[in-house]
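Protein chains in written order, with our numbering: chain A, 1 to 501; chain B, 1001 to 1501; chain C, 2001 to 2165; chain D, 3001 to 3165. Reviewing the structure listed below.
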Amino acid sequence: MIKKVLVANRGEIAVRVMRSCREMGIISVAVYSEADRRAMHVRYADEAYFIGPSPSSESYLNTDKIIHAAKKSGADAIHPGYGFLSENAAFAGRCLEEGIVFIGPSPEAIRSMGDKITSRRLMTEAGIPVVPGTEKINSEKLALEKAREIGCPVMVKASAGGGGKGMRLVKNEKDIVGAVRSARSEAREAFGDDSIYIEKYIESPHHIEFQVLGDQHGNIIHLFERECSVQRRHQKIVEETPSPVMTQKVREEMGSFAVAAARAVNYAGAGTVEFIVDDHLNYYFLEMNTRLQVEHPITERVVGVDLVKQQIRIANGETLDIRQDELLQFGHAIECRIYAEDPEQNFMPSPGVIRHITEPLGLGVRHDGYVYEGYEIPLFYDPMMSKLIVWAGTRKEAIARLRRALYSYKITGVKTNIRFLERIMECPDFVNGQYNTHFVDKNIDFLLFPEKHDEKIEDVAIIAAFIDYATKIKKREDKIFSKNGKSNWKDCGRRISFMRY
Amino acid sequence: MIKKVLVANRGEIAVRVMRSCREMGIISVAVYSEADRRAMHVRYADEAYFIGPSPSSESYLNTDKIIHAAKKSGADAIHPGYGFLSENAAFAGRCLEEGIVFIGPSPEAIRSMGDKITSRRLMTEAGIPVVPGTEKINSEKLALEKAREIGCPVMVKASAGGGGKGMRLVKNEKDIVGAVRSARSEAREAFGDDSIYIEKYIESPHHIEFQVLGDQHGNIIHLFERECSVQRRHQKIVEETPSPVMTQKVREEMGSFAVAAARAVNYAGAGTVEFIVDDHLNYYFLEMNTRLQVEHPITERVVGVDLVKQQIRIANGETLDIRQDELLQFGHAIECRIYAEDPEQNFMPSPGVIRHITEPLGLGVRHDGYVYEGYEIPLFYDPMMSKLIVWAGTRKEAIARLRRALYSYKITGVKTNIRFLERIMECPDFVNGQYNTHFVDKNIDFLLFPEKHDEKIEDVAIIAAFIDYATKIKKREDKIFSKNGKSNWKDCGRRISFMRY
Amino acid sequence: MEIKINDRIAHVEMISREEDRVILSIDGRKYEADIVMVENGVYSLILDNKSHNIELIELENKKYLVNTYSKSYNIDIIDAETKYLMSRRKDDALEETVISSPMPGKVVKIMVNEGDEVKAGDTVIVVSAMKMESEYKVKTDRTIKSIKVREGQTVNSHQPLIVIE
Amino acid sequence: MEIKINDRIAHVEMISREEDRVILSIDGRKYEADIVMVENGVYSLILDNKSHNIELIELENKKYLVNTYSKSYNIDIIDAETKYLMSRRKDDALEETVISSPMPGKVVKIMVNEGDEVKAGDTVIVVSAMKMESEYKVKTDRTIKSIKVREGQTVNSHQPLIVIE
């Protein structure tokens, strides 16, 4: 039985994991870098171990230091959170060797799913649909043949590629040869390797993922989908469940495939099977994340399951205590991620000291954060400060609730994307559930330039600043007064107070 | 359609009502007394109207001032919250006369249920079990007869009574005449009226209540029970749903009676039917609260319904959009009330300025509060600061979660009952679900004196105080130093920082 | 130096301090701690790799209310200055006593007049706050020296209400 | 007195102030407001019975960042002293320019040397913060006067990185 868990992470996820540990009576151990002495996970944990300088490579990514802290603290298990070492097969293997439970799947499962080509092959073998595409191609003739087979539009991609180099979108068959030729030439130039491959181009892609849980005894279930298509620069910012485009039939199909995907790698733990889905609900396996996702709370809320506790129970060797047919989606949940960033400056991160926070509270609101007043967000890590998760009986009510929560959520000292998120909740495409991964780009003008010039509100701002200034001036004057023993401010105050009735 | 709601209340409930208004796109109007200019409900509302001096009688209970504010603001409805004017039939009637929607039941329903004798008669007529008892009795012979009929133990109570005067518990029939005699004499002395009545004494009473909703078209449903037996001085402090003693059969019976009770007064709105229940699940109607209860959130959480929105919809004349057979209790919810009070000083209220708050967050936690850092809790009103509501799949997990939430809930500046609540969650009688309204008295030693003397923790406290003191002394010295231009503190700091690796 | 915590007097010595790292001894036990103020009045203390959060409220100079997770403590710093003042004050002790309320409230009733002689257990004043009335009694036979407030008056916590001798 | 809000200059006069009740005029419009500081830097303002919450961050003396519900404003108080200073400063303006980063970060690359002549649009320095790199460019043809930082160095927000002329 796991009695003490070292959380090899920081920020909101470290705190979130420790909360579940506390509920289970498990002692939590934090590790922290130089920059994180004051971080909330260090304060929240039962124990805390310093592991090195601020850059992640010298602390949170340093396997030796983390294993050393685990040994020193007597932790019998390590929870990796998300990011950092969470999908590092070597680290998972190292834990095994050291006799420490890694709260996650086996190194083999991580390795198989971590490699695009292996996972694609495994999925194809398991009968799970993947994005139609080819292996490496070196002939224009073969390319044309394959493109016909797949059907346009297709993407021509450089095998060695990256950063959009050697990539061509082909909408008509007749353009395929020219595209292959120029892609190869560009790839040769850029990477010294002109092999390319062809993949079906999904025009209006949705990013929809399924949560799965598998135990060590071969039981695997899925906990339905999450719609994660609201992204900027491939970074999810709003997620919801159920997906507004999903049907019950497709949900069941995709759920079965998600379970099959996990089964193909003997998956034990919590994982997420990501699909790319087009407007006609054709879906293709994209990848599997072999860890907890940032957006796991919306599933927790709608399904009523604590995923971290499930992870720990599974790591303990326990049998899953939930059956697939017991699960249901109850109501609707939306999460949005609060970043320290400036949407008006191309989402540039805005680190700094948190001056003041007003957290949204009340019915249907969950808030998973880690910053506090006086805390300085370090430069070294992700600028996400918190996640706001709301639940309501219906999607419409959930959107209204999220707007209400965002309205009363204030963080000063750093710039945030809170207003940007509010605009998403007001955006007709989102409200109508008609969006895909192009949502942010398509609606960027709506999302970024909401305000009409409102002189009345400007005047309100002016009044506040003016009064603050005037009060300071007055205080300075009073100080001089009172030194001369001539202040009659108090008497005056009393008189006025009296006059109010 | 209601477009603007004046909330005739303060504190957490005012803010809670306004939150639902905001989600519905309804403008909220706050009213405030002299003491409440800085209160959260004034800050949260869209509009705010000053209504008078701090004592409730001159502000929140002053019908004229509230009606005047409603007229001036153009509010088309008034939500009374709980307490204050919420069960004042005359106020509800006045709203009607003024053409303002009162968000609550009719004046007649309030009046009928507000009067013990009327409501008892109405319930008896409707076939709802009430605590067996008598009308006024003036003869010892009749008293003996009736006591035999009801069966001991019984309570002899003075008709004009109050404060325990003229009250006698009779365990054996043979003591009845003596008890009646002395009760009458005491009643004559105290109230100048020696009439008494006899009621069955419920030995181990549970306080269990049912939430009901009725619309203006005769549809009435119940939303299951709340167990409210954890009380001190007849003040509920912890509530949970489902009740740990309830069975499905009794739940259905009591639910039907609750609906019948509401139907007996043509109830429209949200209301609560309170029952007294003995250890054998015999239950008796106690009273009906014709308003929202403090503890309504646990029902909201388990049933998934926003009760304030339902109140507003009903007041709008809409038909209930929930059918009885659609409702289910999903998981388990517990609420506890956070008071500014000192449990070790007989729960004496502890008003003052809030210095620092750390709110509990995360999975399954709802926090409905209204105080903030720098806020001074006024002397004039209830010392309840907030309500902490947790949900989990099971009762056991909910208790663990509440302990976790209370653990990280910190309020300084005033004394609070947080540690006391934690002890309740650790108390075997509560954990086993074996408690009734005697719980606090029975377990007071356990609840109040938890700590062993722990010198190690004392030393930790000493270190913190000592370092704070030493830092201040050092700063004072540095100031003197730096005035002489001799400080080399910074260089020293740098050197040490460097040496840490 | 001495630090009073509730009824215990602890002897405390700073052995070394380098930034957040302090070494000190309390009643002969040596502690090596890492302590930082993380929020206004809130310290994070790591001691033997255990993480503690401690909240400090300075009631007055050198007097603290200290909240650890499980308990509140009243702590007095007894440095040389305090000791000196304490020794001087000894003579004045017990000469007169002040009745005050631990919390702000409103004076409901004053049961005595100046010059009255009261018996042990007699209630001298009733103060209400937040829906609750508290009666303040004398513990021994005393004489009412002066009454500092009037009925209906709002009073602060620890404000002198009645002086007895 | 004048108050600059973004690009607008507003004329503000206090007409009266009694405790929290103020009457003032802004560009000739008269406002009667009830304003109190409820939290450190947070004001509650009731104006024509509308409730506003305004957060103020004093960036430097007489310069505020003001957050209303919907928008952030930069506000400068232009009192007599400021005016005087502004008039004196005018002559010095535009003589040299400092490139700085609006947020703290790490210098990734410096693309120029002191004395270099750079063209409009040229990148002179790259700074990274929180997983993102930002390139800083010159807007017109300029000469690099001095380089204040080195590659790999951690820099604060608004710290001068490169001075151009």
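Just so it is clear, CB atoms sit at the ideal spot from N, CA and C, and this is done for glycine as well. Please read these numbers as outputs of a predicted model, since none were measured by experiment.
Boundaries (first-last residue) of the alpha helix (DSSP H) holding residue i
{"i": "CYS95/A", "result": "89-98"}
{"i": "CYS1021/B", "result": "1011-1023"}
{"i": "HIS1217/B", "result": "It is not in any alpha helix (DSSP H) - HIS1217/B carries neither H nor E in the DSSP assignment."}
{"i": "THR124/A", "result": "116-125"}
{"i": "MET40/A", "result": "40-44"}
{"i": "ARG2142/C", "result": "Counting along the chain, ARG2142/C falls outside any alpha helix (DSSP H), though it belongs to the beta strand (DSSP E) covering 2142-2147."}
Three-way DSSP call (helix, strand, coil) for residue i in this model
{"i": "LEU2094/C", "result": "Only weak support is given to the placement of LEU2094/C: the predicted model assigns it a pLDDT of 48, under 50, and the value that follows is read from those uncertain coordinates. In this structure, LEU2094/C counts as coil in the three-state DSSP scheme."}
{"i": "PRO1343/B", "result": "helix"}
{"i": "ILE2164/C", "result": "strand"}
{"i": "TYR1082/B", "result": "coil"}
{"i": "ALA1567/B", "result": "No information on residue 1567/B is available, as it lies outside the stretch 1001 to 1501 that chain B covers here."}
{"i": "LYS309/A", "result": "helix"}
{"i": "ASP3076/D", "result": "strand"}
{"i": "GLN324/A", "result": "helix"}
{"i": "MET155/A", "result": "strand"}
{"i": "PRO297/A", "result": "helix"}
{"i": "ARG1337/B", "result": "strand"}
Range covered by the beta strand (DSSP E) that runs through residue i
{"i": "GLU3060/D", "result": "3050-3060"}
{"i": "GLN235/A", "result": "235-241"}
{"i": "ILE1357/B", "result": "1356-1358"}
{"i": "TYR2129/C", "result": "This sequence places Ala at residue 2129/C; Tyr is not what is there. That run of the beta strand (DSSP E) goes 2123-2129."}
{"i": "ASP2034/C", "result": "2029-2039"}
{"i": "ARG2021/C", "result": "2021-2026"}
{"i": "ASP1445/B", "result": "Run containing ASP1445/B: none in the beta strand (DSSP E); it sits in the alpha helix (DSSP H), 1444-1448."}
{"i": "SER1182/B", "result": "Careful: SER1182/B lies outside any beta strand (DSSP E), inside the alpha helix (DSSP H) at 1176-1191."}
{"i": "ARG168/A", "result": "168-170"}
{"i": "GLU199/A", "result": "196-200"}
{"i": "ARG2017/C", "result": "2008-2018"}
{"i": "GLY3105/D", "result": "3105-3110"}
{"i": "THR134/A", "result": "Looking at the DSSP string, THR134/A is not in any beta strand (DSSP E), and its letter there is neither H nor E."}
{"i": "GLY1104/B", "result": "Note, GLY1104/B: premise wrong, no beta strand (DSSP E); not H, not E."}
Supposed close pair residue i, residue j - CB separation, criterion 8 Å
{"i": "PRO343/A", "j": "SER408/A", "result": "Contact flag wrong, Cβ pair sits at about 19 Å."}
{"i": "HIS296/A", "j": "THR437/A", "result": "No, HIS296/A and THR437/A are not in contact; Cβ-Cβ is about 20 Å, not under 8 Å."}
{"i": "ASP306/A", "j": "SER20/A", "result": "6 Å"}
{"i": "ILE502/A", "j": "ALA158/A", "result": "The requested residue 502/A does not occur in the structure, where chain A is confined to residues 1 to 501."}
Within chain E, the residues that residue i reaches when beta carbons sit closer than 8 Å
{"i": "SER1073/B", "result": "Considering every chain present, this structure includes no chain E. Its protein chains are A, B, C and D."}
Residues from the segment 2011-2030 of chain C in contact with chain B, defined by Cβ distance under 9 Å: VAL2012, MET2014, ARG2017, GLU2018, GLU2019, ARG2021, VAL2022, LEU2024, ILE2026, ASP2027, ARG2029
Positions along the segment 321-335 of chain A whose CB lies within less than 7 Å of some CB in chain B: PHE330, GLY331
Cβ pair count under 8 Å reaching 3, the segment 1047-1057 of chain B against the segment 1343-1354 of chain B: no
Contact residues within the segment 1040-1062 of chain B, judged by C-beta distance below 7 Å to chain D: VAL1042, ARG1043, ALA1045, ASP1046, GLU1047, ALA1048, TYR1049
Chain C contacts made by the segment 1443-1462 of chain B, where a contact means CB separation under 7 Å: GLU1451, ILE1457, GLU1458, ASP1459, VAL1460, ALA1461, ILE1462
Given 8 Å, three or more beta-carbon pairs between the segment 220-234 of chain A and the segment 430-439 of chain A: yes
Residues, ordered as in the chain, of the segment 3034-3045 of chain D that lie near chain A by beta-carbon distance below 9 Å: ILE3035, MET3037, GLU3039, ASN3040, GLY3041, VAL3042, TYR3043, LEU3045
Interfacial residues, the segment 1382-1413 of chain B to chain C, with Cβ spacing under 8 Å: ASP1382, PRO1383, TYR1407, LYS1410, THR1412, GLY1413
Inter-stretch contact (C-beta, 8 Å, three-pair minimum) for the segment 385-398 of chain A and the segment 331-341 of chain A: yes
Chain-ordered residues of the segment 340-367 of chain A with a beta carbon less than 8 Å from chain B: THR358, GLU359, LEU361, GLY362, LEU363, GLY364, VAL365, ARG366, HIS367
Under 7 Å (Cβ pairs) to chain B, residues found in the segment 3049-3062 of chain D: ASN3049, LYS3050, SER3051, ASN3053
Proximal residues, the segment 465-477 of chain A versus chain D, C-beta separation under 7 Å: ALA465, PHE466, ILE467, ASP468, TYR469, ALA470
contact_flag[the segment 232-242 of chain A, the segment 281-290 of chain A] where n(CB pairs < 8 Å) is 3 or more: no
Any 3 or more C-beta pairs closer than 8 Å across the segment 3001-3018 of chain D and the segment 2100-2115 of chain C: no
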